[in-house]
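Protein chains in written order, with the working numbering: chain A, 45 to 304; chain B, 45 to 304; chain C, 45 to 304; chain D, 45 to 304.
4 protein chains.
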Amino acid sequence: MRLSITTDLTYRFERPCEVLLLLEAARAADQAIHSERLTITPAAEIARLDDSVTGERRAVFTAHGEVAIAYVAQVELLARDANLKGAAAAAIRDLPGEALRYLRASRYCPSDRFEAFASEEFGNLSGGDKVAAILAWIGEHLTYQAGVSDAATTAMDTFVDRAGVCRDFTHLAISLCRAADIPARAVSAYAWKLEPPDLHAVAEVYLGGRWRLIDATGLAPIDGLVRVATGLDAADIAFMTIFGKAELISQSFAIEKTRD
Amino acid sequence: MRLSITTDLTYRFERPCEVLLLLEAARAADQAIHSERLTITPAAEIARLDDSVTGERRAVFTAHGEVAIAYVAQVELLARDANLKGAAAAAIRDLPGEALRYLRASRYCPSDRFEAFASEEFGNLSGGDKVAAILAWIGEHLTYQAGVSDAATTAMDTFVDRAGVCRDFTHLAISLCRAADIPARAVSAYAWKLEPPDLHAVAEVYLGGRWRLIDATGLAPIDGLVRVATGLDAADIAFMTIFGKAELISQSFAIEKTRD
Amino acid sequence: MRLSITTDLTYRFERPCEVLLLLEAARAADQAIHSERLTITPAAEIARLDDSVTGERRAVFTAHGEVAIAYVAQVELLARDANLKGAAAAAIRDLPGEALRYLRASRYCPSDRFEAFASEEFGNLSGGDKVAAILAWIGEHLTYQAGVSDAATTAMDTFVDRAGVCRDFTHLAISLCRAADIPARAVSAYAWKLEPPDLHAVAEVYLGGRWRLIDATGLAPIDGLVRVATGLDAADIAFMTIFGKAELISQSFAIEKTRD
Amino acid sequence: MRLSITTDLTYRFERPCEVLLLLEAARAADQAIHSERLTITPAAEIARLDDSVTGERRAVFTAHGEVAIAYVAQVELLARDANLKGAAAAAIRDLPGEALRYLRASRYCPSDRFEAFASEEFGNLSGGDKVAAILAWIGEHLTYQAGVSDAATTAMDTFVDRAGVCRDFTHLAISLCRAADIPARAVSAYAWKLEPPDLHAVAEVYLGGRWRLIDATGLAPIDGLVRVATGLDAADIAFMTIFGKAELISQSFAIEKTRD
Numbered sequence: 045m046r047l048s049i050t051t052d053l054t055y056r057f058e059r060p061c062e063v064l065l066l067l068e069a070a071r072a073a074d075q076a077i078h079s080e081r082l083t084i085t086p087a088a089e090i091a092r093l094d095d096s097v098t099g100e101r102r103a104v105f106t107a108h109g110e111v112a113i114a115y116v117a118q119v120e121l122l123a124r125d126a127n128l129k130g131a132a133a134a135a136i137r138d139l140p141g142e143a144l145r146y147l148r149a150s151r152y153c154p155s156d157r158f159e160a161f162a163s164e165e166f167g168n169l170s171g172g173d174k175v176a177a178i179l180a181w182i183g184e185h186l187t188y189q190a191g192v193s194d195a196a197t198t199a200m201d202t203f204v205d206r207a208g209v210c211r212d213f214t215h216l217a218i219s220l221c222r223a224a225d226i227p228a229r230a231v232s233a234y235a236w237k238l239e240p241p242d243l244h245a246v247a248e249v250y251l252g253g254r255w256r257l258i259d260a261t262g263l264a265p266i267d268g269l270v271r272v273a274t275g276l277d278a279a280d281i282a283f284m285t286i287f288g289k290a291e292l293i294s295q296s297f298a299i300e301k302t303r304d
Numbered sequence: 045m046r047l048s049i050t051t052d053l054t055y056r057f058e059r060p061c062e063v064l065l066l067l068e069a070a071r072a073a074d075q076a077i078h079s080e081r082l083t084i085t086p087a088a089e090i091a092r093l094d095d096s097v098t099g100e101r102r103a104v105f106t107a108h109g110e111v112a113i114a115y116v117a118q119v120e121l122l123a124r125d126a127n128l129k130g131a132a133a134a135a136i137r138d139l140p141g142e143a144l145r146y147l148r149a150s151r152y153c154p155s156d157r158f159e160a161f162a163s164e165e166f167g168n169l170s171g172g173d174k175v176a177a178i179l180a181w182i183g184e185h186l187t188y189q190a191g192v193s194d195a196a197t198t199a200m201d202t203f204v205d206r207a208g209v210c211r212d213f214t215h216l217a218i219s220l221c222r223a224a225d226i227p228a229r230a231v232s233a234y235a236w237k238l239e240p241p242d243l244h245a246v247a248e249v250y251l252g253g254r255w256r257l258i259d260a261t262g263l264a265p266i267d268g269l270v271r272v273a274t275g276l277d278a279a280d281i282a283f284m285t286i287f288g289k290a291e292l293i294s295q296s297f298a299i300e301k302t303r304d
Numbered sequence: 045m046r047l048s049i050t051t052d053l054t055y056r057f058e059r060p061c062e063v064l065l066l067l068e069a070a071r072a073a074d075q076a077i078h079s080e081r082l083t084i085t086p087a088a089e090i091a092r093l094d095d096s097v098t099g100e101r102r103a104v105f106t107a108h109g110e111v112a113i114a115y116v117a118q119v120e121l122l123a124r125d126a127n128l129k130g131a132a133a134a135a136i137r138d139l140p141g142e143a144l145r146y147l148r149a150s151r152y153c154p155s156d157r158f159e160a161f162a163s164e165e166f167g168n169l170s171g172g173d174k175v176a177a178i179l180a181w182i183g184e185h186l187t188y189q190a191g192v193s194d195a196a197t198t199a200m201d202t203f204v205d206r207a208g209v210c211r212d213f214t215h216l217a218i219s220l221c222r223a224a225d226i227p228a229r230a231v232s233a234y235a236w237k238l239e240p241p242d243l244h245a246v247a248e249v250y251l252g253g254r255w256r257l258i259d260a261t262g263l264a265p266i267d268g269l270v271r272v273a274t275g276l277d278a279a280d281i282a283f284m285t286i287f288g289k290a291e292l293i294s295q296s297f298a299i300e301k302t303r304d
Numbered sequence: 045m046r047l048s049i050t051t052d053l054t055y056r057f058e059r060p061c062e063v064l065l066l067l068e069a070a071r072a073a074d075q076a077i078h079s080e081r082l083t084i085t086p087a088a089e090i091a092r093l094d095d096s097v098t099g100e101r102r103a104v105f106t107a108h109g110e111v112a113i114a115y116v117a118q119v120e121l122l123a124r125d126a127n128l129k130g131a132a133a134a135a136i137r138d139l140p141g142e143a144l145r146y147l148r149a150s151r152y153c154p155s156d157r158f159e160a161f162a163s164e165e166f167g168n169l170s171g172g173d174k175v176a177a178i179l180a181w182i183g184e185h186l187t188y189q190a191g192v193s194d195a196a197t198t199a200m201d202t203f204v205d206r207a208g209v210c211r212d213f214t215h216l217a218i219s220l221c222r223a224a225d226i227p228a229r230a231v232s233a234y235a236w237k238l239e240p241p242d243l244h245a246v247a248e249v250y251l252g253g254r255w256r257l258i259d260a261t262g263l264a265p266i267d268g269l270v271r272v273a274t275g276l277d278a279a280d281i282a283f284m285t286i287f288g289k290a291e292l293i294s295q296s297f298a299i300e301k302t303r304d
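Have a look at this one:
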C-alpha cells in the first residue's frame, strides 16, 4: 500500500531558537520512501542527526519569526504481520543489546510499579499471547477521552483514571509489557484512517526476534502506519521540540492512500 | 592512578532465572583495564550484550541456587579535567545524535518540570558555569541522608524533601541540567575514597564537545571514579537486574589505589 | 465596608442528581449579612447542612433539567487586621481542638514533605513573622499563570513548577505554614477588586489566638474578602459539588462596594 | 466482650517538645471504658483537646529526656452489626453535616481519581452491597505485604502496586467508597486477635444512618475493635505526633480478652 503524507506547520518564534523535528518517515525495513520533501520557509540550514539504529530521522534548524514547515512524502508500506498469537518472547540473553533499554522504566512508563499486577493478571501467558491479552485488557478497561490527561500524565495515572488518549493507552501498554519482561517502546506514526488525521502514538514490542507494531487504541490499522520517531515513551517522540518559545499559528496533517 | 577493584556478591535463586550484570569497568577513553576477571560460581555460560556507544559492559547468565559473583580488576585512570568553568554548551545541531536522548525527561528525572526553576535560578549563566552553579546549589540546599528516599523517589521528590542519597543528588543534578538544555546522564562508578566502599551514582554532562563526569554529592574525587554503567538515570544503571526473584546473602565492594 | 454580591449559575442536568452549594456568605464574627437570597429555578427544596464551627453554609438540593442558581447578598465587612508582624503562634496545647486538623497534611497540601524546606528557609522566624516570610517567598518565586496547573496539582507540583493560579498559591502557603506547625486552612471568598470577578481561594492561619485571612497571590485586599467556605484545601471548598453529571451553561460573579 | 489494653512507649527527646497522643479509647456509643489510666513518666502536665463529635481523645504534653508513656484500660465492647448487606446509603441531604468532609479526597485517599473505576466496577450496586463488593475486590486483588509502602504511599500507589499493609488497604477502601459517594473515614483501633498486637488501621462507612466499622484486611474481627482516633486518613490518626524530634526506645502493645 502506498500512502501520501502532507504535513503543514506554522509557528511564530519571537527570538531565534533551535528546533528539532521528528516528523519524517523513518528508514525502516517495512516501509520504503518513494519521494519526500521537507521545506522550511524562510529557508534555513538543516543539520541532520539521524539515528542509524532505529532509522529515526532528525532535522535541526534555527527558527526566527514566522516559520512554515512542510513535509510531503510518498511511502510504500510492506505487509505487516499483525498477528501476535504464538510469537515467542526472547530470553534476555538473546535480545539485541539496544533492546535492553526498552525493558526499563521511563518517564511516563514506570513499569517497575506494574510487576505485581502484570504477574497477577497475565502471568499465565507468555510472548505474543501475553501482549494480546494486555491489549484486550486495555481495550476493555480504558475509555478513549480527551481532557482527562495532560503532559504530566503517567501510566500510573491512566491505570487509575481508566481514560485517556492515544499516548496514554500506549504508555500503559508499554508499561505492562515491560513489567512482563517484554521490551516495548513508543513509536509516532502517520496513521491511515485515523480520524481526525494526526500523528498517532503507538507501541512496538520485541517478539519472535523482531519489533512489531501494536496499537493499544485500536483506532488505526497496523498496516497503515508510517513509522516516524522511536523512543522510550512520549518524552522521546514529540514531532517538534523547541529549545525556546514559540506560538502555534496553524497545524494540519493529511494521510491518504494513493495505491493499494 | 591505578585502582584495584574487588566485588563479591552472593545471592540465592529459588528458581532458575536470568540475571543482567552491569558491574564491569566500562571500555572508555579515560580508563584502561589492565586486568580483570568475572567469575560466576557455580560456573554459568555468560552472554555478552556490550554497548559499543557508551562502552558499557553487560553480562547475562542464568542463575539457580546459591550463586557467587566475583569481579576483580585493575584499572588505570587517566587524568580528568574536573574544571567546568568556561566549558561551552553545544548547540543542539552540534550534538552527537546519541546525546539527544539525554536532553529528555526520564523516569527519575522529569526535567520538563524544572524549566521555570532552572531559568529563574541559573538563567543568567551558560555552559560549565551553569553546571557549576547547579552543583553549588545542590551542595547548599540538599542534605545527604539515608532513609528519606526509596526506589520510587524522583528528582521532584528530592527537590521538595531537600535530602537523599547519591542517586537522588544525581537525579536532581541531571534534571536541572536537562531543563537548561545541557545533555546529562547517569553513571555508576567504583569510587575511590568513598566511605563505605560502594558503587557510586554520579552524573555526566556534555560540555565542550565531550562528556564530563560530575559528582553532585562531592563525596568522591572525580579522578578516582571508574566508570561502569551509563544511562538516563538509576533505572538504567543498576549493577544487577534479576528477571525473577532472589535473596541477597552477602555483598562487598573494595576499591584501593595500587599505584599513583 | 459594605459589598454587594451577585452570583448567577446555570447548569443542565440530564438526570436528577443532588447538588451541594457552598456559595453563601459564611456566618462569621468579621462579617455581617444584611440581606441575601438564594434562588433555585425551577424551585427546589433546599436542605441545610450548615457548619456551626466554621460558619460555613451548605445548601443541598436535587437538580434536573436546566437549573438556574442565583445568590444575591449585601454583606458588611468589619475592619480586619492584616498586619501579621509580631502575632504569636500558639503552643499546641493552647490550640482550640478543631484547629488540630489544620496542622495535618491534606489532599493538595502534603505539608509533611515540606518540613526540611520550611525549617531551612524560615526556621529562624516564628509566628506572624514566619507567615509573612512565607508569603514574601511565594510572591518572589511563583508566577501567576493559568494553564500550568489542573485539578490534580498539589503544592509539591507547584513548588517545582513555580507557577499556578490562586488555588495553587494558597496550597503552597498552607503547606509551608503547616510544615512549620502553624494551623492553616483554605477559604473561598468573594473578593472585592479581583479581576475578573470570581470566587477567590485564600488561606487562613491561626495566630495570636484567632484565625487570620492571608492572600498568597496578593491580588485582592484582605479587607474586601467575604468568607464563604472553609476547609483543608480546594477539595473542601468547591462552590458546587455535583453528585452526578451536569453541563455548565453560564456562570457569572459580581462583587461591588455599595458603602464605605 | 471486655478487653484489657496495655500500651507502653518509651522515647528520648533531646530538647523539650510538645507531643500529641491519640491512643486512648474513644468515647463512643458502642464501647464503654470501665477503667483506664494514662501515665507519663516523669510526670507532665497533660492538656486535653478531646473531640466531642467523634469522641476522639487527645492528650498534649511537653516531653524532655527519656519519657515513658503507659496506657492501661479495660473496655467493654457492645455487639456490633458487621453485616453490611442491604444497608442503605444516605442521600446527601440526609447526611449529618459533619459527614460531608468524609466524602472528599484527602492526603492519602485521592478519591476523585477513582470515580471511573468505582463506577465501572461497582456501579450496579448500592449501599452496603457496594461496600461489601469493594471489600471483596480488595481482598481478592491486594496482598498484605510489608516493605512495599511507606509514609508517602497513597491509595493510587496501592491500587497500582497491589500490595501494602493495613493503612494501605484502608486507604484504598476509603477512596473507593468516597468515589461512590459513600462517606468513609479512617479509624485507629486496638484490635483483639491481631498478630502481632498493634494499633490497627480500619475504615468506617456511613450507611443506614450510622457509622459502621469495616476492616479491609480482614485480619481482626470487627467485634474486637476498640476505637481510638478518627479522621480522614492516616494523616489524622497517628497515635503520636511529635512537634520536634525524638528517638524511639521501645514500644509494646497488648490486647487481651478478660470477659466474654
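For every residue, glycine included, the Cβ atom is placed at its ideal position computed from N, Cα and C.
Please read these numbers as outputs of a predicted model, since none were measured by experiment.
Between the beta-carbon of residue i and the beta-carbon of residue j, is there less than 8 Å?
i: C:Tyr188; j: C:Val111; result: no
i: A:Gly208; j: A:Ser193; result: yes
i: D:Ala230; j: D:Thr214; result: yes
i: D:Arg102; j: D:Ala70; result: no
i: A:Ala245; j: A:Tyr152; result: no
i: C:Val47; j: C:Ile299; result: According to the sequence shown, residue 47 of chain C is Leu rather than Val. Yes, the Cβ-Cβ distance between C:Leu47 and C:Ile299 is below 8 Å.
i: B:Ala260; j: B:Leu216; result: yes
i: B:Leu144; j: B:Leu251; result: no
Spell out the partners DSSP gives residue i in its beta bridges.
i: C:Leu297; result: As written in the sequence, residue 297 of chain C is Phe, which differs from the Leu given in the question. C:Phe297 pairs with C:Thr51.
i: C:Cys210; result: Note: C:Cys210 sits in no beta bridge, so no partner.
i: C:Glu80; result: C:Ala117
i: D:Val63; result: D:Phe105 and D:Ile286
i: B:Ala230; result: B:Ala247 and B:Gly275
i: D:Cys153; result: D:Ser150
Here's the rule I'm using: 16 or more other beta-carbon atoms within 10 Å means buried, otherwise exposed. How should residue i be labelled?
i: A:Leu121; result: buried
i: C:Thr98; result: buried
i: C:Asp212; result: buried
i: A:Arg303; result: exposed
i: C:Arg81; result: exposed
i: B:Ala72; result: buried
i: A:Glu184; result: exposed
i: B:Leu67; result: buried
i: C:Ser79; result: exposed
Indicate, with yes or no, if the ligand COA has a heavy atom lying under 7 Å from the CB of residue i.
i: A:Asp304; result: As presented, the structure is devoid of all ligands, the ligand COA included, so that no description of it is given.
Count Cβ pairs between the segment 98 to 109 of chain D and the segment 60 to 70 of chain D that sit closer than 8 Å; are there 3 or more? yes
Which runs of the beta strand (DSSP E) spanning at least 3 residues fall entirely within the segment 243 to 299 of chain A, listed in chain order? 243 to 251, 254 to 258, 269 to 275 and 284 to 287
Tell me, please, whether the segment 154 to 174 of chain A touches the segment 216 to 229 of chain A by the rule of three or more beta-carbon pairs shorter than 8 Å. yes
Taking contact to mean at least 3 C-beta pairs separated by less than 8 Å, is the segment 89 to 101 of chain C in contact with the segment 125 to 144 of chain D? yes
Evaluate the contact criterion for the segment 248 to 261 of chain D versus the segment 276 to 296 of chain C: three or more CB pairs, one atom per stretch, below 8 Å. no
Pair every Cβ in the segment 199 to 207 of chain A with every Cβ in the segment 193 to 206 of chain D, then say whether three or more of these pairs are closer than 8 Å. yes
Inspect the CB distances between the segment 118 to 134 of chain D and the segment 171 to 178 of chain D and report whether three or more fall short of 8 Å. yes
Tell me, please, whether the segment 264 to 281 of chain B touches the segment 258 to 277 of chain C by the rule of three or more beta-carbon pairs shorter than 8 Å. no
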